[in-house]
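What follows is a single structure, written as structure tokens, with notes after it.
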Amino acid sequence: MVKYSCEKCGKEFTQKGHYTKHTTKKNPCVFESKIEEIIESKIEEIIEKVVAEKMIKINYDYKNNETKVEENETKVEPSNTYKITTTDYTIINSCCIKGLTDMKNENKKIHLTITSPPYYNVKDYVSYTDYKEYLNTLKNVFTLIYEITEDGRMCCVNLSNILIQRENRNSESSRIPLAFHFVPLMEEIGWKFIEDIIWVKPEGAAKNRNGGFYQHRQPVAYKPNIINEYIFIFQKPSKFLIDKIVRGYDAITSLNSKVNDGYERTNVWKINPETKSKHPAPYPELLVANLIKYYSFCGDLILDPFVGSGTTLISAFKLNRKSIGFEIHKDYITIFENRIKNITKQSTNQSISINKDDYVNLNEDQIKKKINKFNKKHLYQLVNNDCKYKSYSKDKLINLIYVSNFMNSA
967 MVKYSCEKCG KEFTQKGHYT KHTTKKNPCV FESKIEEIIE SKIEEIIEKV
1017 VAEKMIKINY DYKNNETKVE ENETKVEPSN TYKITTTDYT IINSCCIKGL
1067 TDMKNENKKI HLTITSPPYY NVKDYVSYTD YKEYLNTLKN VFTLIYEITE
1117 DGRMCCVNLS NILIQRENRN SESSRIPLAF HFVPLMEEIG WKFIEDIIWV
1167 KPEGAAKNRN GGFYQHRQPV AYKPNIINEY IFIFQKPSKF LIDKIVRGYD
1217 AITSLNSKVN DGYERTNVWK INPETKSKHP APYPELLVAN LIKYYSFCGD
1267 LILDPFVGSG TTLISAFKLN RKSIGFEIHK DYITIFENRI KNITKQSTNQ
1317 SISINKDDYV NLNEDQIKKK INKFNKKHLY QLVNNDCKYK SYSKDKLINL
1367 IYVSNFMNSA
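The sequence shown begins at 967 in this note's numbering and counts up by one.
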């Protein structure tokens, strides 16, 4: 078969008519070839950017219009990742799945997770194709958290059922029962469901959904204002009882971690929402502080995979816990930096002792009742860890401490 070849660009043709059309066209073929080079160059530039950001390998054949996407064998974190690290907290400007995978590979362990995942319909965060993809992302995150959590330790997740606003007057709003889908998702991973805490906000904090119903009062159209969210508590199963975890801490740590009076006695917590935050979905510091006090000890490492403006890390710092978190938006990390500048840690006991000034004008029964607030581990330290008192009952130790500290000074 006769072939016709262009002397300028080398392109070959089997039909003379096509060859003639090519050589007589308005735009020279060399110019067209240059355009192709520019296009290919731009495509390569985009591919390089995607490889750097998404850590995937793309093989693109421009001539045949074929694209092949493969997982990159070597996943290297960009060298410009923003990170703040101190002896008390670490916050990393990174996708949490990447960060959690790194922690897993480095065999790092955590004692408690407190977090509030980004809402499905909040546009400031990742845009999901659909609700199923959103749930799958949560499952991937909490599977990694499960793998790096110490046996027997807790994971506290704040979330609410999703309200989808109506688009126009001819459509209806709807709700997605995320809270009720999330529990079985966590159980599939291996988490054990422990508690459901209901966070109740003031009525004024809710979006008004019953304005129309208020006017016409017709049945079926009733829609209440939503003033609650959930905090689900999960535990990584352990073959040991909780008591073993408690006994694993020394007397000083145990004393400093003791929960004071005024704690929440029910699973309904009435707490005002955070209103001054620049974050679109903040949770209040009091709520986080409660969870930290109820489910961790001083010195424990606390994780928040969706750090936001840093409420979890700030509360952990105040309460003498270590913390680590990940946040994809650098602006929120800047807010965290400004927030934590003037925060001070809560004071702690460096030793266990009886301060007699606290017992002035108390009779014997009142003094013993006050001493009884120490647990047996603390009482044993108050008698200088003397082995001869190790078998003593708590009442006997209290009596011994009373005699040695108060009767002799009377």
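By construction, the Cβ of each residue, glycine as well, lies at the ideal position given by its N, Cα and C atoms.
Margin query: Which same chain residues end up closer than 7 Å to Thr1314 when comparing Cβ atoms and leaving out the 5 residues on each side of it in sequence?
Written below: Your numbering for residue 1314 matches position 348 in the sequence shown. Same-chain partners within the cutoff: Asn1222, Cys1264 and Asn1286.
Notebook entry, point to check: In terms of residues, what are the limits of the alpha helix (DSSP H) holding Leu1363?
Noted result: If you number the sequence shown from 1, residue 1363 lands on position 397. Element bounds for Leu1363: Lys1360 to Tyr1368.
Next item on the list: Give a yes or no on contact between the segment 1195-1213 and the segment 1293-1311, applying the rule of three or more CB pairs nearer than 8 Å.
Entry: The segment 1195-1213 is not in contact with the segment 1293-1311.
Note to self: In this structure, how does DSSP classify Leu1267 when only helix, strand and coil are distinguished?
What the structure shows: Position 301 of the sequence shown, counting from 1, holds the residue named residue 1267. DSSP places Leu1267 in the strand class (E or B) of the three-state scheme.
Check: Hey, quick one: how far does the beta strand (DSSP E) through Thr1056 stretch, first residue to last?
Finding: As a first step, residue 1056 is located in the sequence shown; it is residue number 90 there, counting from the start. In the DSSP annotation of this structure, the continuous segment of the beta strand (DSSP E) that includes Thr1056 starts and ends at Tyr1055 to Ile1058.
Margin query: Between which two residues does the alpha helix (DSSP H) holding Met1120 run?
Written below: Stepping through the sequence shown from its first residue, residue 1120 is reached at position 154. First-last for Met1120: Thr1115 to Leu1125, but that is the beta strand (DSSP E), not the alpha helix (DSSP H).
Note to self: Quick check on the DSSP output: what are the complete alpha helix (DSSP H) runs of length 4 or more inside the segment 1207-1294, in order along the chain?
What the structure shows: DSSP assignment within the segment 1207-1294 yields the following whole alpha helix (DSSP H) runs of 4 residues or more, N-terminal first: 1208-1213, 1217-1222, 1251-1261 and 1277-1284.
Notebook entry, point to check: Can you find a CB in chain C that lies within less than 7 Å of the CB of Lys1342?
Noted result: Absence of chain C from the displayed structure is noted, only one protein chain being present.
Check: Fully enclosed by the segment 1172-1210, which beta strand (DSSP E) runs are 3 residues long or longer?
Finding: Runs of the beta strand (DSSP E) inside the segment 1172-1210: 1194-1201.
Check: What does DSSP give as the partner residues of Lys1049 in its beta bridges?
Finding: Taking the sequence shown and counting its residues from 1, one reaches residue 1049 at position 83. Lys1049 is bridged to Ile1058.
Margin query: Would Asn1176 and Lys1167 be called neighbours here (beta carbons separated by less than 7 Å)?
Written below: Stepping through the sequence shown from its first residue, residue 1176 is reached at position 210. Stepping through the sequence shown from its first residue, residue 1167 is reached at position 201. In this structure, Lys1167 does not lie closer than 7 Å to Asn1176 by Cβ.
Check: Arg1305 by DSSP, collapsed to three states: which one?
Finding: For the purposes of this step, residue 1305 is taken as the residue at position 339 of the sequence shown. Correct three-state label for Arg1305: helix.
Item checked: Contacting residues, own chain, Cβ-Cβ under 8 Å from Ile1309 (five flanking each side not counted) -> Residue numbering aside, residue 1309 sits at position 343 when the sequence shown is read from its first letter. Spatial neighbours of Ile1309 in its own chain (CB-CB distance under 8 Å, excluding positions within 5 residues in sequence) are listed in chain order as Ile1280, Phe1283 and Lys1284.
Notebook entry, point to check: In terms of residues, what are the limits of the beta strand (DSSP E) holding Leu1129?
Noted result: Start at 1 with the first residue of the sequence shown, and residue 1129 comes out as number 163. Segment Ile1128 to Ile1130, the beta strand (DSSP E) holding Leu1129.
Margin query: I'd like to confirm the pairing. Which residues does DSSP put opposite Val1166 in its beta bridges?
Written below: Within the sequence shown, the letter at position 200 stands for residue 1166. According to DSSP, Val1166 bridges with Asn1194 and Lys1236.
Item checked: Closest Cα partner of Ser1060 within the set Lys1311, Ser1357, Gly1274 and Lys1343 -> Here residue 1060 refers to the residue found at position 94 when the sequence shown is read from its first residue. Scanning Lys1311, Ser1357, Gly1274 and Lys1343 for the CA closest to the CA of Ser1060 turns up Gly1274.
Check: Excluding the five sequence neighbours on either side, which residues of its own chain have a C-beta within less than 7 Å of the C-beta of Ser1140, listed in chain order?
Finding: Taking the first residue of the sequence shown as 1, we reach residue 1140 at position 174. If we look at Ser1140 and ignore the five residues flanking it on each side, its Cβ neighbours are Ile1130.
Notebook entry, point to check: If we ignore side chains and look at the alpha-carbon of each, how far apart do Lys1098 and Ile1063 end up?
Noted result: In the sequence shown, the residue the question calls residue 1098 occupies position 132. In the sequence shown, the residue the question calls residue 1063 occupies position 97. When rounded, the distance between both Cα atoms is 18 Å.
Margin query: Buried or exposed for Pro1271, going by 16 or more other Cβ atoms inside 10 Å?
Written below: Stepping through the sequence shown from its first residue, residue 1271 is reached at position 305. By the neighbour-count rule (16 or more Cβ atoms within 10 Å), Pro1271 is buried.
Margin query: My output table needs one value for Thr1033: the three-state DSSP class, helix, strand or coil.
Written below: As a first step, residue 1033 is located in the sequence shown; it is residue number 67 there, counting from the start. With a pLDDT of 38 at Thr1033, under the threshold of 50, the modelled position of that residue is not reliable, and no figure is offered here.
Check: Where do the ends of the beta strand (DSSP E) carrying Leu1078 lie?
Finding: Counting from 1 along the sequence shown, the entry for residue 1078 is found at position 112. Per DSSP, Leu1078 belongs to the beta strand (DSSP E) from Ile1076 to Thr1081.
Check: Can we say the segment 1105-1124 touches the segment 1068-1086, given the rule of at least three CB pairs closer than 8 Å?
Finding: Counting C-beta pairs with one atom in each stretch, the segment 1105-1124 and the segment 1068-1086 have three or more that are closer than 8 Å, which means they touch.
Margin query: Beta-carbon within less than 7 Å of Lys1158's beta-carbon, same chain only, minus the 5 sequence neighbours each way: which residues are those?
Written below: Taking the sequence shown and counting its residues from 1, one reaches residue 1158 at position 192. The residues are Phe1200, Gln1201 and Pro1203.
Checklist line | As assigned by DSSP and simplified to three states, the class of Ile1155 | finding: For the purposes of this step, residue 1155 is identified with residue 189 of the sequence shown, where counting begins at 1. Residue state, collapsed to three classes: helix.
Item checked: Ile1320: first and last residue of the uninterrupted alpha helix (DSSP H) it sits in -> Residue numbering aside, residue 1320 sits at position 354 when the sequence shown is read from its first letter. Run containing Ile1320: none; DSSP gives neither H nor E here.
Checklist line | Pro1150 versus Glu1116: straight-line alpha-carbon distance, rounded | finding: For this step, residue 1150 is matched to residue 184 along the sequence shown. For this step, residue 1116 is matched to residue 150 along the sequence shown. Those two C-alpha atoms are separated by around 21 Å.
Next item on the list: Return the residue from the list Ser1220, Thr1232 and Leu1066 that minimises the CA-CA distance to Phe1108.
Entry: What you label residue 1108 is simply residue 142 of the sequence shown in a count that begins at 1. The residue with the shortest Cα to Cα distance from Phe1108 is Leu1066.
Check: So is Glu978 buried or exposed if we call it buried at 16+ other beta carbons inside 10 Å?
Finding: Taking the sequence shown and counting its residues from 1, the one referred to as residue 978 is at position 12. The residue in question, Glu978, is exposed, as its Cβ has fewer than 16 Cβ neighbours within 10 Å.
Next item on the list: Quick one: measure Cβ to Cβ for Glu1230 and Asn1194, integer angstroms, because I've assumed they're closer than 8 Å.
Entry: By one-based count along the sequence shown, residue 1230 stands at place 264. By one-based count along the sequence shown, residue 1194 stands at place 228. 15 Å between Cβ atoms; not a contact.
Checklist line | Same chain only: Cβ atoms within 8 Å of Lys1336, ignoring 5 sequence neighbours per side | finding: For the purposes of this step, residue 1336 is taken as residue 370 along the sequence shown, with counting starting at 1. Same-chain partners within the cutoff: Asp1324, Tyr1325 and Leu1328.
Notebook entry, point to check: What span of residues does the beta strand (DSSP E) with Ser1139 cover, start to end?
Noted result: Reading the sequence shown from its first residue, position 173 is the one you call residue 1139. Ser1139 -> no beta strand (DSSP E), and no H or E assigned at all.
Note to self: According to DSSP, simplified to helix, strand and coil, what is Phe1340?
What the structure shows: Here residue 1340 corresponds to residue number 374 of the sequence shown, with the count starting at 1. If DSSP states are grouped into helix, strand and coil, Phe1340 belongs with coil.
Check: What does a CB cutoff of less than 7 Å around Lys1236 pick up in its chain, not counting 5 residues either side in sequence?
Finding: For the purposes of this step, residue 1236 is taken as residue 270 along the sequence shown, with counting starting at 1. Residues of the same chain with a CB within less than 7 Å of the CB of Lys1236, apart from the 5 flanking positions on each side, are Val1166 in chain order.
Check: Between the C-alpha atoms of Glu1169 and Glu1293, what's the straight-line distance to the nearest angstrom?
Finding: For the purposes of this step, residue 1169 is identified with residue 203 of the sequence shown, where counting begins at 1. For the purposes of this step, residue 1293 is identified with residue 327 of the sequence shown, where counting begins at 1. Rounded to the nearest angstrom, the two C-alpha atoms are 31 Å apart.
Notebook entry, point to check: Taking C-beta to C-beta, are Leu1144 and Leu1125 nearer than 7 Å?
Noted result: For this step, residue 1144 is matched to residue 178 along the sequence shown. For this step, residue 1125 is matched to residue 159 along the sequence shown. Cβ atoms of Leu1144 and Leu1125: closer than 7 Å.
Check: At which residues does the alpha helix (DSSP H) containing Thr980 begin and terminate?
Finding: Your numbering for residue 980 matches position 14 in the sequence shown. Careful: Thr980 lies outside any alpha helix (DSSP H) and carries neither H nor E.
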